[in-house]
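Student: Handing you a structure now.
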Amino acid sequence: MMELIYQMFPLALMMATPLILGALGGLFSERAGIVNIAIDGTMQVGAFLAMVCVLIFEANGWPYAKWVALLVAFIGGAIFISIHAIASIHFKADQTVSGTAVNVLAGGLTIYLCQIMYNGARSTDTISAAQGFAKFNIPFLSDIPVIGRLLFTNVYATTLLAFALIVVSWFVIYKTPFGLRLRSCGEYPQASASMGIDVVKMRWIAELISGGLSGLAGAVLVLTTATFYYSGTVHGLGFVAVATLIFGQWSPWGVLGAGVFFGFAQVLGLYSSSIPLLENLPSEFFSMFPYVITIVALVLFSGRSMAPKASGEIYDAGKR
Amino acid sequence: MKKHSQLKISLVAVGVGFLFAFLVVIVAGRNPLNLLAAIIKSISGFNILRPNEPVTLVNTLNWLKYAVPITLTGLSVGFAYRTGLFNIGGEGQILVGGTAAAAVGLLVDLPPIIHPIVCLVAGALAGAVWGMVPGILKAYRKINEVVICIMMNYIGLYATSWFTRACLPIDPATNARTIDLKETAVLGKVFENVPSLFNWGFLVAIIGIVVFWFIMEKTTFGYSLRATGFNMEGARFAGMKVEKNVALSMMISGAFCGLAGAVLILGEFGYGRIQTSFDNFGFDGISVALVGGSNAIGILLSGLLFGLLKSASSNLQMMNIPKEVSELAQAVIIYLIAIQYVVILLLDKFHGKKDKKLISENTEKGDDQL
Amino acid sequence: SGTTDDTASVTYGFVTDTGGINDRSFNQTSWEGLKRYCEEAGLVENQDYSYVISEKESDYVPNLTGFAGQRDLIVAAGYLFEGAIAETADQYPEQKMLIIDVESLDVDKYTNVQQAVFNEHEGSYLVGVAAAKMAEKAGKDTVGFIIGMESETMNKFWAGYQQGVYSVNPNMTILYDNVNDFSSQEKGKAAASKQYDAGAYVIYHAAGGSGMGAISEAAARREAGEDVWVIGVDTDQYEYGKYGDGTQSAVLTSMLKRVDTAAYNAAKAVAEGTFEGGIVRYSLADGGVGIPDENPNMPDDVREAVDEAYNAIKDGTVTVSETYVKE
Amino acid sequence: MTYAIEMLNITKDFPGIRANDNVTLRVKENTVHALLGENGAGKSTIMSILFGLYQPTSGIIKVRGKEVTISNPNVANDLGIGMVHQHFKLVDCFTVTENIILGKEPTKNGIVDIKSAVKKVKELSELYGLNVDPNAKIRDITVGMQQRVEILKMLYRNADILIFDEPTAVLTPQEIHELMHIMRNLVKEGKTILLITHKLKEIKEAADECTVLRKGKYIGTVDVKTTSEQEMATMMVGRDVSFTVEKSEAQPKENILEIKDLNVKDSKGLYAVKNFSLNVHAGEILGLAGIDGNGQTELVYALTGLCKAESGQVLLKGKDILKLPIKKRLDSGMAHVPEDRHKHGLILDFTLKENFVIHCYNKPPFSKHGILQPKVIDEYADKLIEQFDVRSGQGKDTPARSMSGGNQQKAIIAREIDRSCDLLLVVQPTRGLDVGAIEYIHKRIVEERDKGRAILLVSFELDEIMNLSDRIAVIHDGELNGLVYRKDTDENELGLMMAGSIKKVEAVI
Ligand SMILES: Nc1ncnc2c1ncn2[C@@H]1O[C@H](COP(=O)(O)OP(=O)(O)OP(=O)(O)O)[C@@H](O)[C@H]1O
Ligand SMILES: Nc1ncnc2c1ncn2[C@@H]1O[C@H](COP(=O)(O)OP(=O)(O)OP(=O)(O)O)[C@@H](O)[C@H]1O
Ligand SMILES: [Mg+2]
Ligand SMILES: [Mg+2]
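Chains as they are written, first to last, in our numbering: chain A, 61 to 380; chain B, 22 to 391; chain C, 4 to 330; chain D, 18 to 526.
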């Protein structure tokens with residue numbers, strides 16, 4: 061049994077990583093008071109840019125393609141989400157509507173660009189596996205009993221990056237002045253403004269980080285699990301990331317837990333045939349399983365939502 | 022600030038959206054005339070580039086055919102929205118609605134006319150059940166309906182796939198769908214001889230619009246739903262059963278999507294489907310509802326608009342315009358709806374100029390008289 | 004202009020299924036076959052021949068009828084087109100159409116519809132032999148199979164593959180996973196990873212877009228120095244399994260389904276006036292299914308075994324069943 | 018004499034309205050300067066200008082004699098100006114300390130140094146006798162405490178010009194008294210205070226000078242010591258106003274509301290109302306006095322059905338309503354003017370007419386067979402608007418959101434009174450309203466009493482209780498700590514009962 065779990069865990073982490081990063085992106089946005097259902101679209105943009113970047117580097121024989129690709133996806137995501145940010149921060153947009161627009165835009169835009177860049181093809185070219193991320197065992201750490209096999213064996217560098225970003229986010233949000241101000245903007249922006257905090261600036265920073273992380277999520281998805289980008293690459297994972305954020309109750313550790321949970325539940329479906337009692341159930345039951353469990357978990361933990369109060373509210377300096 | 026009707030804002034958004042589409046086409050080095058031709062052809066069947074081409078009803082009927090399901094999902098999203106809920110669970114509700122309709126259409130013997138009606142009811146009920154889950158959890162356990170809806174989408178995807186395989190007669194030739202529905206259950210084509218699947222299901226959409234409008238604007242139930250949507254605590258204080266309203270609203274919303282699924286199965290496909298991914302009719306419904314301002318007439322109009330954008334896809338591609346152009350136009354339209362504050366400001370400015378002109382004209386006249 | 008008058012050139016339309024034109028699988032391949040003929044015939048893309056992408060199944064009929072009456076031949080790939088083709092043919096009985104992977108339409112009624120089907124089980128038998136031989140050579144006893152969804156067509160892959168593997172070694176273990184999804188690379192990747200971890204040496208995927216994840220997993224493992232292989236489907240997927248400097252690939256071979264040939268042949272037949280409706284079966288014997296001639300990763304002895312099996316099927320000494328249950 | 022603040026000829030235009038019209042305000046250093054005016058007179062606006070939230074359309078601001086441009090609150094902070102807003106600007110889920118340091122956090126290696134911040138807050142709190150717990154979460158402390166946090170925010174920023182926008186609207190008499198004391202303390206420590214209020218008594222108690230605004234215009238500045246309340250009121254309203262409500266002796270009749278041994282738990286699961294018993298008769302106004310947070314909210318919620326009671330009985334005309342849902346209770350003869358008019362009283366996005374029918378929309382003649390009857394509703398709305406003089410831009414079609422607080426309250430009162438219920442439950446009916454509006458609403462309440470309704474008035478404002486009630490009940494820590502006839506008691510005694518120092522339950526009928 062333990063052996064099975066050892067095998068399942070790295071896969072669960074692989075599946076979880078893009079969700080965690082996407083949800084973390086949503087977290088920054090919502091903590092600053094802006095609803096972000098545009099994670100899905102931003103992930104598409106990130107995935108597209110990452111692929112394009114790797115392809116360009118590969119063609120020219122330049123090194124560090126995947127790392128540069130992550131950076132490009134981060135920046136690209138940040139730029140892309142600005143469309144949502146402008147609408148939400150300056151134009152008093154209904155943030156759900158604006159997010160929907162951005163999602164629709166991403167699908168059309170990336171495929172349109174693919175056609176321009178790749179001979180009318182509706183996908184990018186294919187990269188070599190050497191260009192993507194590969195799993196590895198971390199020396200020493202992987203020798204730690206139990207934890208070593210669970211967390212540090214067969215891991216992707218991107219998963220470690222996500223872990224690191226969780227820690228950094230937690231630190232930034234809960235320990236630094238910036239974090240305190242950010243959270244206040246999501247709870248009661250009028251209060252922040254009265255304390256001399258530039259709510260507009262804070263929200264912009266949060267949105268840029270949010271877009272960056274979502275873009276990163278897309279890049280990680282495509283560079284760990286795929287070899288080209290097409291319209292089905294993200295296939296709604298951004299919405300699962302939104303669910304991860306809410307399930308994780310808007311906290312970095314919660315997001316980590318929820319993301320790993322989702323990943324694990326997905327993988328369980330694959331392994332069901334090796335688990336006594338589960339082997340005879342139809343495969344659909346396992347595909348369904350993570351989602352059912354999530355609902356059950358939400359019901360069990362219900363009644364104490366930690367949603368930022370002002371999330372989705374239009375901030376108007378004159379409002380009293 | 023002047024009051025501008027939702028309609029006016031939507032019209033501006035649509036206009037700019039189309040302008041943007043033209044721009045994209047020009048930038049891509051394609052002929053914008055083709056875009057115009059494709060749109061006109063999709064509406065009327067008339068090809069301005071080849072005036073000799075015979076004009077048929079196919080294009081127009083296809084346009085309407087596309088508008089039917091997304092109008093229904095638009096009503097669904099709009100209904101929930103008016104009660105302060107975001108129904109992003111349309112995908113799942115459509116799937117279960119379609120599957121329920123297929124089950125009744127395959128397993129039950131009923132006379133014609135009655136049969137499709139029973140199928141539709143089954144679809145609506147199934148959709149309602151799927152909407153009830155997020156509704157009840159939102160109402161009684163305060164769980165965010167968005168997550169539950171997303172979860173219910175995926176559960177619906179796999180549940181219907183399992184149910185269809187396990188409980189419905191599967192077509193042995195493909196093993197990937199059911200056998201054809203009973204003849205009596207099918208919603209026939211309105212124009213037998215036109216090669217478009219435009220079917221009597223459109224009546225469901227029209228009835229849906231009337232029902233939506235009537236419930237929302239005319240009934241006490243609609244009044245209490247709107248009150249709940251605007252101010253839940255206030256509604257509770259006034260003695261309304263807020264929890265019941267939330268749950269019911271989600272159920273009705275789900276029923277609209279269930280109907281959309283049923284209409285698709287009964288009218289378009291004629292068999293039960295096993296899907297491995299979503300068709301996005303539910304997500305389209307979000308755009309339709311938002312652009313339509315979540316009111317009945319608005320949803321009808323925006324359903325027609327988005328139906329056009331969908332149906333134009335085929336003509337666009339045949340006229341050498343990438344179909345993504347229509348997606349980009351959609352995005353721009355929805356975005357402008359989102360930032361209607363700015364649109365209003367610009368409209369005001371525009372009007373302001375006109376008003377000032379009027380005033381100065383008047384004063385000048387006044388001076389003359391003096 | 005549905006009927007060809009002597010001055011006008013012949014015109015073609017292609018409608019994809021929901022997989023899109025660049026699915027690196029049968030849509031793309033069918034289109035390439037059609038395109039190949041058109042280029043040879045000197046036709047102009049987007050004028051004499053073009054494709055239309057279907058976003059959802061609801062687009063099938065409108066897309067087909069959009070071409071109907073305008074193009075001499077319409078090509079569509081995928082069994083989900085069955086109903087849509089029938090609907091279109093009902094309205095345009097004169098319209099010539101080619102539908103791939105369907106054989107259930109009434110041939111007497113739809114005389115202008117050609118239904119092309121493939122003996123996937125035969126091709127799968129070959130890659131089954133290849134997989135088993137490779138495993139044996141490496142001293143392994145396990146191979147894997149990943150499927151995107153259970154359906155009649157899909158089951159033919161599974162049946163043929165099993166027969167091929169067991170023909171080499173009846174004691175071989177075949178791992179089987181259904182990812183229930185044609186578009187999730189992550190699931191395909193996870194399934195492949197699971198099977199490799201469980202000892203599979205070669206994995207054969209028939210999972211469309213999800214299968215790309217399986218290929219990516221194999222390539223990543225080879226990149227990391229692990230000795231595993233993957234077998235592609237429908238088209239030669241060699242280049243999608245690139246690793247290292249991009250000249251090597253983790254794709255051992257691919258089960259070719261020559262939908263391009265079907266499209267090419269039909270297009271040519273229409274131009275030459277020899278097009279006929281009815282069912283056209285592409286088998287291993289006539290080159291309709293098989294494996295690529297170039298298989299740089301396949302050692303000679305394995306190649307020999309595969310060739311042997313090929314000949315045996317061709318001359319009828321071995322018949323591959325469409326259904327198979329190991330006793 | 019030096020001026021701390023001079024705002025000269027300030028004009029501020031909002032789209033469609035001139036909120037300040039050539040207003041001049043001079044505040045001497047080391048004084049409490051009051052700013053008096055009706056609702057909408059422009060008090061908050063001019064203070065927001067001083068605090069940098071708005072820019073004046075024209076006019077000059079001088080701080081300590083130097084001309085300045087205050088482009089945002091940061092500039093104001095740097096000039097030593099701090100403001101306590103009418104609606105507190107506190108983040109609910111933050112601690113007291115976090116709220117205070119927000120925007121000006123002490124750090125150690127880039128990390129917020131909470132420890133030293135807590136220490137600083139404690140020191141300040143002790144220095145000015147504010148007595149707050151630096152580690153408490155805002156949502157767990159009383160409104161009075163929250164206000165002290167607001168004051169600490171300014172002190173933490175070394176502000177020496179402090180603006181208070183209607184600070185007493187939400188406070189209990191004791192808290193108000195303490196606040197006045199705190200203000201005097203602050204002035205003693207060298208601060209200058211600007212106090213916005215509607216309440217003349219507070220001005221009398223705490224202020225040195227008073228500037229009066231009316232409809233955006235400057236009326237005058239007076240010396241508080243030498244000016245009577247009556248004179249200031251006349252300046253503010255532009256006519257004579259009476260402070261006392263004229264009413265005849267009560268004629269109590271049958272028992273309408275009987276509360277017997279009621280126990281209610283609060284949201285944290287503690288008993289907030291304990292063995293509470295009280296009767297309210299037809300034809301009397303029973304005022305329930307008490308310091309905020311002593312169980313009034315829970316009591317009212319239990320009566321109206323917003324929260325469940327643990328045990329006890331509530332009889333309305335002899336019928337136990339405690340198990341009934343909200344709707345049934347309202348229907349069995351209870352009208353309710355809630356404490357929070359925005360959250361509970363109105364659907365702000367509904368029009369006025371829609372708000373009028375919020376209780377009766379599903380009853381004939383307003384609806385038939387579940388279908389609304391727009392004509393009937395329109396006529397009804399017009400009737401109420403006329404009867405109760407509810408003023409708004411577009412009449413019955415005005416969105417409630419765009420109406421002034423006073424008119425919103427009038428609309429609620431109109432709606433509830435028109436339901437002609439035997440029991441009228443009014444909670445804080447005049448909070449934040451100006452004297453004109455208060456006068457009107459008080460008059461209507463007394464009229465209802467004279468029509469034979471039983472009225473339970475819950476208010477934190479002792480004046481209101483004293484003015485209106487025939488009998489007064491006092492709630493302290495969830496228990497009935499006093500029940501006396503109005504004529505037999507005075508403010509002093511009530512204060513002692515509210516504080517729990519004495520108990521006197523004698524006016525039982
Ligand atoms: N942001 C704003 N936009 C437009 N008009 C405003 C705005 N703020 C205030 N006003 C208008 O300015 C006038 C003065 O408002 P202000 O809030 O200063 O009054 P006030 O004296 O503080 O009243 P109150 O006693 O009710 O607090 C009001 O009539 C109001 O309509
Ligand atoms: N943003 C705004 N735009 C336009 N008018 C406003 C705005 N905010 C407030 N007003 C107007 O200002 C006036 C006073 O508003 P305010 O909120 O101060 O009411 P109030 O009487 O003080 O009630 P409250 O007790 O709730 O403070 C109202 O007439 C209202 O219509
Ligand atoms: Mg004010
Ligand atoms: Mg006020």
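Don't be surprised by glycine CBs; every beta carbon is placed ideally from N, CA and C. All of these numbers come straight from a predicted model, not from anything done at the bench.
Can you name the start and end residues of the alpha helix (DSSP H) that arginine 241 (chain A) belongs to?
Tutor: Translated into positions along the first sequence, residue 241 (chain A) becomes position 181. Element bounds for arginine 241 (chain A): 237-247.
Student: Pick helix, strand or coil for leucine 227 (chain D), following the three-state DSSP scheme.
Tutor: Against the fourth sequence, residue 227 (chain D) aligns to sequence position 210. Strictly speaking, residue 227 (chain D) in this sequence is cysteine, with leucine absent from that position. It is a strand residue.
Student: Taking glutamate 153 (chain C) as the reference, which of B:Glu238, B:Gln296 and B:Val35 has the closest Cα?
Tutor: Working through the third sequence from its first residue, we reach residue 153 (chain C) at position 150. It is B:Gln296.
Student: Relative to the alpha-carbon of valine 282 (chain A), which residue among A:Lys126, A:Gly329 and A:Leu358 has its alpha-carbon at the smallest distance?
Tutor: Sequence index remark: in the first sequence, residue 282 (chain A) carries index 222 (1-based). Of the candidates A:Lys126, A:Gly329 and A:Leu358, the one whose C-alpha sits nearest the C-alpha of valine 282 (chain A) is A:Lys126.
Student: According to the neighbour-count rule (16 or more other Cβ atoms, all chains shown, within 10 Å of its Cβ), is serine 245 (chain D) buried or exposed?
Tutor: As a position in the fourth sequence, residue 245 (chain D) is number 228, starting the count at 1. By the neighbour-count rule (16 or more Cβ atoms within 10 Å), serine 245 (chain D) is not buried but exposed.
Student: What residues of chain D sit near isoleucine 252 (chain A), judged by a beta carbon separation below 9 Å?
Tutor: Here residue 252 (chain A) refers to the residue found at position 192 when the first sequence is read from its first residue. The displayed chain sequence assigns serine, not isoleucine, to residue 252 (chain A). Those are Lys106, Val108, Leu119 and Gly120, listed as they occur along chain D.
Student: If we ignore side chains and look at the alpha-carbon of each, how far apart do glycine 319 (chain C) and glutamate 325 (chain C) end up?
Tutor: Position 316 of the third sequence, counted from the start, is the residue given in the question as residue 319 (chain C). Position 322 of the third sequence, counted from the start, is the residue given in the question as residue 325 (chain C). Glycine 319 (chain C) and glutamate 325 (chain C): Cα-Cα distance of roughly 15 Å.
Student: When we look at the beta-carbon of serine 188 (chain A) and count the other beta-carbons within 10 Å, is it buried (16 or more) or exposed?
Tutor: Start at 1 with the first residue of the first sequence, and residue 188 (chain A) comes out as number 128. Buried is the call here.
Student: So is asparagine 152 (chain D) in contact with chain A if we call contact Cβ pairs under 7 Å?
Tutor: Locating residue 152 (chain D) in the fourth sequence gives position 135, where the first residue counts as 1. Not one chain A Cβ lies under 7 Å of asparagine 152 (chain D).
Student: Run down chain B in chain order and give the residues with a C-beta less than 7 Å from the C-beta of serine 362 (chain A).
Tutor: The count along the first sequence starts at 1 and reaches residue 362 (chain A) at position 302. Residues of chain B passing the Cβ test: Arg162, Lys163 and Ile164.
Student: Compute the Euclidean distance between the alpha carbons of alanine 141 (chain C) and arginine 224 (chain C), then round it to the nearest angstrom.
Tutor: Within the third sequence, numbered from 1, the residue matching residue 141 (chain C) stands at position 138. Within the third sequence, numbered from 1, the residue matching residue 224 (chain C) stands at position 221. Near 16 Å, if we compare the C-alpha coordinates of arginine 224 (chain C) and alanine 141 (chain C).
Student: Hey, out of A:Gly159, A:Ile135 and A:Gln104, whose CA is closest to serine 148 (chain A)'s CA?
Tutor: Working through the first sequence from its first residue, we reach residue 148 (chain A) at position 88. Closest option to serine 148 (chain A), Cα to Cα, is A:Gly159.
Student: Give the C-beta separation of isoleucine 94 (chain A) and serine 311 (chain A) to the nearest angstrom, bearing in mind that I take them to be a contact with Cβ-Cβ under 8 Å.
Tutor: Position 34 of the first sequence, counted from the start, is the residue given in the question as residue 94 (chain A). Position 251 of the first sequence, counted from the start, is the residue given in the question as residue 311 (chain A). Going by Cβ atoms, the distance from isoleucine 94 (chain A) to serine 311 (chain A) rounds to 17 Å, so no, they are not a contact pair.
Student: Just how far apart, CA to CA, sit threonine 19 (chain D) and threonine 114 (chain D)?
Tutor: For the purposes of this step, residue 19 (chain D) is taken as the residue at position 2 of the fourth sequence. For the purposes of this step, residue 114 (chain D) is taken as the residue at position 97 of the fourth sequence. Answer to the nearest angstrom: the Cα atoms are 35 Å apart.
Student: Would you mind giving the Cβ-Cβ distance between glycine 66 (chain B) and glutamine 114 (chain B), rounded to the nearest angstrom? I have them listed as a contact below 8 Å.
Tutor: For the purposes of this step, residue 66 (chain B) is taken as residue 45 along the second sequence, with counting starting at 1. For the purposes of this step, residue 114 (chain B) is taken as residue 93 along the second sequence, with counting starting at 1. The Cβ separation is near 33 Å, so there is no contact.
Student: Verify whether the separation of the beta carbon atoms of serine 274 (chain B) and glycine 118 (chain B) is less than 7 Å.
Tutor: For the purposes of this step, residue 274 (chain B) is taken as residue 253 along the second sequence, with counting starting at 1. For the purposes of this step, residue 118 (chain B) is taken as residue 97 along the second sequence, with counting starting at 1. No, these two residues do not count as a Cβ contact at 7 Å.
Student: State the DSSP-derived secondary structure class of aspartate 200 (chain C), mapped to helix, strand or coil.
Tutor: In the third sequence, the residue the question calls residue 200 (chain C) occupies position 197. Of the three classes helix, strand and coil, the one that applies to aspartate 200 (chain C) here is helix, per DSSP.
Student: Of all Cβ atoms in chain B, is any one closer than 7 Å to the Cβ of histidine 386 (chain D)?
Tutor: The residue you call residue 386 (chain D) lines up with position 369 of the fourth sequence. No - not a single Cβ of chain B is within 7 Å of the one on histidine 386 (chain D).
Student: Please report how far the alpha carbon of alanine 384 (chain D) lies from the alpha carbon of glutamate 271 (chain D), in whole angstroms.
Tutor: Within the fourth sequence, numbered from 1, the residue matching residue 384 (chain D) stands at position 367. Within the fourth sequence, numbered from 1, the residue matching residue 271 (chain D) stands at position 254. Looking at the sequence itself, residue 384 (chain D) is serine, so the reference to alanine does not match. C-alpha separation (whole angstroms): 34 Å.
Student: Buried or exposed, going by whether 16 or more other CB atoms sit within 10 Å of the CB of proline 133 (chain B)?
Tutor: For the purposes of this step, residue 133 (chain B) is taken as the residue at position 112 of the second sequence. It counts as exposed.
Student: CA-CA distance, methionine 61 (chain A) and serine 332 (chain A)?
Tutor: Within the first sequence, the letter at position 1 stands for residue 61 (chain A). Within the first sequence, the letter at position 272 stands for residue 332 (chain A). Those two C-alpha atoms are separated by around 12 Å.
Student: Counting only the same chain and skipping the five closest in sequence on each side, list residues whose C-beta sits under 6 Å from that of valine 374 (chain D).
Tutor: Walking along the fourth sequence from the start, residue 374 (chain D) turns up at place 357. Excluding sequence neighbours, valine 374 (chain D) sits near Phe383 and Ile394.
Student: Going straight from the alpha carbon of threonine 7 (chain C) to that of serine 53 (chain C), what length do you get?
Tutor: As a position in the third sequence, residue 7 (chain C) is number 4, starting the count at 1. As a position in the third sequence, residue 53 (chain C) is number 50, starting the count at 1. For threonine 7 (chain C), the pLDDT reaches just 44, beneath the cut-off of 50, and the residue's location in the model is therefore unreliable, although a value from the coordinates is still provided. Near 18 Å, if we compare the C-alpha coordinates of serine 53 (chain C) and threonine 7 (chain C).
Student: Less than 8 Å between the CB atoms is what I'm expecting for alanine 44 (chain C) and alanine 274 (chain C), so what's the real figure, rounded?
Tutor: Here residue 44 (chain C) is taken as the residue at index 41 of the third sequence, counted from 1. Here residue 274 (chain C) is taken as the residue at index 271 of the third sequence, counted from 1. The pair is a contact, with the Cβ atoms about 6 Å apart (cut-off 8 Å).
Student: Does isoleucine 91 (chain B) have its Cβ less than 7 Å from a Cβ in chain A?
Tutor: Reading the second sequence from its first residue, position 70 is the one you call residue 91 (chain B). Output row for isoleucine 91 (chain B): interface = no.
Student: Could you tell me the boundaries of the beta strand (DSSP E) in which lysine 139 (chain D) lies?
Tutor: Sequence index remark: in the fourth sequence, residue 139 (chain D) carries index 122 (1-based). No beta strand (DSSP E) holds lysine 139 (chain D); the alpha helix (DSSP H) holding it covers 131-144.
Student: Taking Cβ positions only, does isoleucine 24 (chain C) come closer than 7 Å to chain A?
Tutor: To locate residue 24 (chain C), count along the third sequence from 1; it is residue 21. True, the Cβ-Cβ gap to chain A drops below 7 Å.
Student: Would you mind sorting threonine 249 (chain B) into buried or exposed? The rule is 16 or more other CB atoms within 10 Å of its CB.
Tutor: Position 228 of the second sequence, counted from the first residue, corresponds to residue 249 (chain B). Its Cβ being crowded by 16 or more others within 10 Å, threonine 249 (chain B) is buried.
Student: Could one say the Cβ of arginine 263 (chain A) lies closer than 7 Å to chain C's Cβ atoms, at least one of them?
Tutor: In the first sequence, counting from the first residue as 1, residue 263 (chain A) sits at position 203. So, not an interface residue.
Student: Give the straight-line distance between the Cα atoms of valine 79 (chain B) and arginine 74 (chain C), rounded to the nearest whole angstrom.
Tutor: Residue mapping note: residue 79 (chain B) aligns to position 58 of the second sequence, counting from 1. Residue mapping note: residue 74 (chain C) aligns to position 71 of the third sequence, counting from 1. Each residue's Cα considered, the two are about 16 Å apart.
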